[in-house]
Amino acid sequence: MNRPALIHSFNRHGVWAIYKFEIARALRTLVQSLVTPVITTSLYFVVFGAAIGSRLVTTSGVSYGAFIVPGLIMLALFTESLSNASFGIYFPKFTGTIYELLSAPVSYAEIVIAYVGAAVTKSVVLGLIILATASLFVPIKILHPLWMIAFLLMTACTFSLFGFIIGIWAKGFEHLQFIPMLVITPLTFLGGAFYSIDMLPPAWRAFSLFNPIVYLISGFRWSFYGAADVSVGISLGMTVGFFAICLWLVSWIFKTGYRLKN
Amino acid sequence: MPPIISIRGVTKSYASGFQALKLVNLDIDKGEIFALLGPNGAGKTTLINIICGIVTASAGTVTADGCDIVDDYRAARSMIGLVPQELSTDAFETVWATVSFSRGLFGRAPNPTFIEGLLRDLSLLDKRNSRIMTLSGGMKRRVMIAKALSHEPQILFLDEPTAGVDVELRRDMWNLVRGLREKGVTIILTTHYIEEAEEMADRIGVINKGTLMLVENKHDLMKKLGKRQLTLHLQTPLQHIPDELRFWALELKAEGHDLVYTVDSADSVDISALLKRLNELSIVIKDLQTHQSSLEDIFVNLVTERT
């Protein structure tokens, strides 16, 4: 029998297999993965942009409909990154197929790259589709396109990592919904997705600054319109900081085998 | 020849204090079929899961063809295939996709020709585009085997491979295992069907309560621990065994109707001398029956005697 070569270094075939598997899962559920978020976002435009937005004054020099575009993209990015990555790793745990992942010659870093990479791909594509959809409703300008892409990627990576952590932590499907529904969505709504926090009374504005989502939305909106609720440097720092925390948590999980290995 | 799997001082304790494995030492030779037998909860699956990287050992080392399963896990795992006990599959995937996925996951470049051949060998080729959820239990078991073999492993672990499968599929799997052995694959299987181990294995290991009780060549084990029994059905029942027959280890059973003569498999026996003596004593034999103890008898004796 021919002895196949042993794996000693980066398992590119393994990473690609997981990545492809995850993308195929999204394509299998195309309606759930892409069409639903696009319809939901379009409804936001109809309600907030056209029906209510037309009666509101311009914010930071742009129409209200255009103003909410970055916030809506971020909202979709947060929820999709979280749900894709968390479901991606939780489902093998639920079905028992995690045995294959744990017994394969793939490193923890490769597992994260594959799962998070796939979740990032899906959520970034979705973000861009929402951007394209939004441009059908309101005129959009992007002053700093490279920064826009950078914020989009960094946020998608961070929240996909966060979703991966939730997927490992989750003991049931209700756990998968718990943080996105009860933590992220409220924080996003209160984090300036639909308004500038400068509109708030001083006390509420100060309180809002404890909400990390504010920094992410503010930085992303700055890349569109050049106006931000908080300094872009701080937004960038918070995004990188959040990413680093998630990275540390993931490395701790793999080091200890938390909820993965006995 | 160095062993293909070497297990040294492996223990496994859980946080609850339960000790699943107690200092296991074991060598598996290249190309052999090794059957690990033990009752439920004996530690068979824990040991397999440690070797495959699914469970972390509390102490000890394991090497696969010289590669440490922790320090050189990539090399070690890339030569191991595992068919777990549970039918854990991606229900929504097709057979082709899930087997190709496994091959990639274990670091092998795509090879449609190989996958096609593998599916053909396992009678799965016509199901290649079927979703796994639509397959029968037996077919799913075949898919699990195809996944484990997709990266051409040198070592294959089969954890209860024929649990819940019909007789035909069991025979198919035995043939498959033999075919793999002929190709040089080392096979370690756990089974509840002792008949399976008796049929297939070169060597047997018996594990109970986390302790590896013995490891023997199957034939040596049968010889050493097996028994042969001659049951003589008598025309007229005896009240007791006559003194003239004390030379033979005889027992009276069935209210004196049966005279049972038991010997170790290894002992040579002169049955004709016994029959001659019975004839001299005018003890008429109506019928006779012989029985050679099976691996199952040996296994049950071992596990019950030593617990």
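So the protein lines, in turn, are chains H and X. According to this note's numbering, the first sequence is numbered sequentially starting from 23. According to this note's numbering, the second sequence is numbered sequentially starting from -1. For each residue, glycine too, the CB sits at the ideal point set by N, CA and C.
Item: Neighbour flag for Ala141(H) against chain X, beta carbons, 8 Å; Value: no
Item: Separation of Ile187(H) from Asp157(X), as counted between CA atoms; Value: 30 Å
Item: Proximity test, Cβ basis, 8 Å: Thr184(X) and chain H; Value: no
Item: Collapsed DSSP secondary structure at Ile153(X) in the structure displayed; Value: strand
Item: Among Gly115(X), Ile3(X), Leu248(X), Lys145(X), nearest to Thr119(H) - alpha-carbon criterion; Value: Lys145(X)
Item: Rounded straight-line distance, which links the Cα of Gly93(H) to that of Ser245(H); Value: 12 Å
Item: Val93(X) - DSSP class collapsed to helix/strand/coil; Value: helix
Item: Every unbroken beta strand (DSSP E) within the region 192 to 240 of chain H, with a cutoff of 3 residues, ordered by chain; Value: none
Item: Rounded distance between the beta-carbons of Thr184(X) and Ile26(X), thought under 8 Å; Value: 6 Å
Item: Own chain, CB closer than 7 Å to Arg6(X), minus 5 neighbours either side, in chain order; Value: Asn23, Gly58, Thr59
Item: Classification of Phe232(H) by the beta-carbon crowding that lies within 10 angstroms, buried from 16 upward; Value: exposed
Item: Candidates Thr44(X), Glu197(X), Lys138(X), of which the one nearest Ser11(X) by Cα; Value: Thr44(X)
Item: With 16 other Cβ atoms within 10 Å as the buried cut-off, status of His35(H); Value: buried
Item: Backbone CA spacing between Gly15(X) and Ile52(X) [nearest angstrom]; Value: 20 Å
Item: Through-space distance from Arg118(X) to Gly194(H), alpha-carbon basis; Value: 38 Å
Item: Alpha-carbon to alpha-carbon, Gln199(H) and Gly189(H); Value: 10 Å
Item: Distance between beta carbons of Arg139(X) and Glu91(X), contact taken as under 8 Å; Value: 16 Å between Cβ atoms; not a contact.
Item: Counted within 10 angstroms of its Cβ, other Cβ atoms place Met221(H) as buried (16 or more) or exposed; Value: exposed
Item: Given Leu158(H) as reference, the closest of Val272(H), Leu49(H), Leu65(H) once Cα atoms are compared; Value: Leu65(H)
Item: Unbroken alpha helix (DSSP H) run spanning Gly83(H), endpoints; Value: Run containing Gly83(H): none; DSSP gives neither H nor E here.
Item: Partners in chain H for Pro82(X), counting only beta-carbon separations shorter than 7 Å; Value: Tyr121
Item: Backbone CA spacing between Ser148(X) and Trp274(H) [nearest angstrom]; Value: 32 Å
Item: Cβ-based neighbour list, Thr209(X), same chain, cut-off 6 Å, excluding 5 preceding and 5 following; Value: Lys20
Item: As assigned by DSSP and simplified to three states, the class of Tyr106(H); Value: The sequence as given places Asn at residue 106(H); Tyr does not occur at that position. Reduced to three states, the DSSP call for Asn106(H) is helix.
Item: Identity of the residue in Arg47(H), Leu124(H), Lys42(H) nearest Ile99(X) by Cα; Value: Residue 99(X) is actually Phe in this sequence, not Ile. The shortest C-alpha separation from Phe99(X) is found at Lys42(H).
Item: Supposed contact pair Gln290(X) and Thr229(X) - C-beta distance, whole angstroms, cut 8 Å; Value: Actually they do not touch by this definition, with Cβ atoms about 12 Å apart.
Item: Within chain X, the residues that Ser55(H) reaches when beta carbons sit closer than 9 Å; Value: Simply none; closest approach about 14 Å.
Item: CB contact check: Ile40(H) to chain X, cutoff 8 Å; Value: yes
Item: Neighbouring residues, chain C, relative to Gly279(H) (Cβ below 7 Å); Value: The structure shown has no chain C; the protein chains it does contain are H and X.
Item: Where Glu214(X) falls: helix, strand or coil (DSSP); Value: strand
Item: Where the alpha helix (DSSP H) containing Leu258(H) begins and where it ends; Value: 254 to 278
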